[in-house]
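Report on one structure; see the data block that follows.
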Amino acid sequence: MIELGNCLVTGAAGFLGSHLVRGLLEEGYPVRAVIRNTPLELEHPNLEIVRGTVEDADRMREVCEGIDTVFHTVAQLSLLGGKAASESYRRSAYAANVEGVENLSAACIAHGVPRLIHTSSVDVCFNSEV
């Protein structure tokens, strides 16, 4: 079994992220949970909740310090998909889904984080038409 060490979870208040945080804590791992606006209704002695967004490169460098494993669960996607999304939505989604991944990856490299686990959604490829 791989030792994960200190874990960081982006999107920690989302569906996948919140379940992942709980699972990691149950396994005894220390977790730094990154949230944007939605609160993470959880208290645990091994849990540190921090505010931030993947679009903020400086903040990502800060939160990656001292981390051994990053779980990236942030994604901005439209449940309507395709042409239903506005231009402003597409710009915002690009900032989160592309530039955010670049920022987080650069932060991991800067701090020598050995593991970055990137999650995604089938909606990214198929616009919910599976």
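Position 114 of the sequence shown, counted from 1, bears residue number 113 in numbering that gives the first Met the number 0, the numbering being contiguous throughout. Glycine residues also receive a C-beta, built at the ideal position from the N, C-alpha and C atoms. These numbers were taken from a predicted model, which means no experiment stands behind them.
Local conformation of residue i per DSSP, three classes
i    : result
E47  : strand
L19  : helix
G24  : Residue identity check: residue 24 is Leu in the sequence provided, not Gly. It is helical.
I108 : helix
L3   : coil
R60  : helix
A11  : coil
L169 : Outside the displayed span of the chain (0 to 129) sits residue 169, for which this structure offers no information.
R35  : coil
V100 : helix
Residue i versus the options, residue with shortest Cα-Cα distance
i    : options               : result
T52  : P38, V20, H110, G10   : G10
S119 : V100, H110, A32       : V100
L15  : A74, L103, Y88        : A74
L46  : V33, D57, L115        : V33
R60  : L3, I48, E42, A105    : A105
I116 : V8, E2, E25           : V8
L3   : E26, S17, H18         : E26
T72  : L103, R90, H110, I108 : L103
L76  : G111, E86, A92        : A92
N36  : S85, R50, E42, P44    : R50
Cut-off 8 Å between Cβ atoms - residues of its own chain near residue i, not counting five sequence neighbours on either side
i   : result
C6  : L23, Y28, P29, V30, R31, I66, D67, T68, V69, F70
R58 : G51, T52
E64 : H110
Sequence-distant residues of its chain with Cβ nearer than 7 Å to residue i (five each side left out)
i    : result
P113 : D67
I108 : none
E98  : E54
H43  : L24
Residue i, buried or exposed, once every other Cβ within 10 Å from all chains shown has been counted against 16
i   : result
A95 : buried
V20 : buried
V62 : buried
S17 : buried
Beta-carbon proximity list for residue i, same chain, < 6 Å, skipping 5 on both sides
i   : result
L39 : A11, A12, A32, I48
I1  : none
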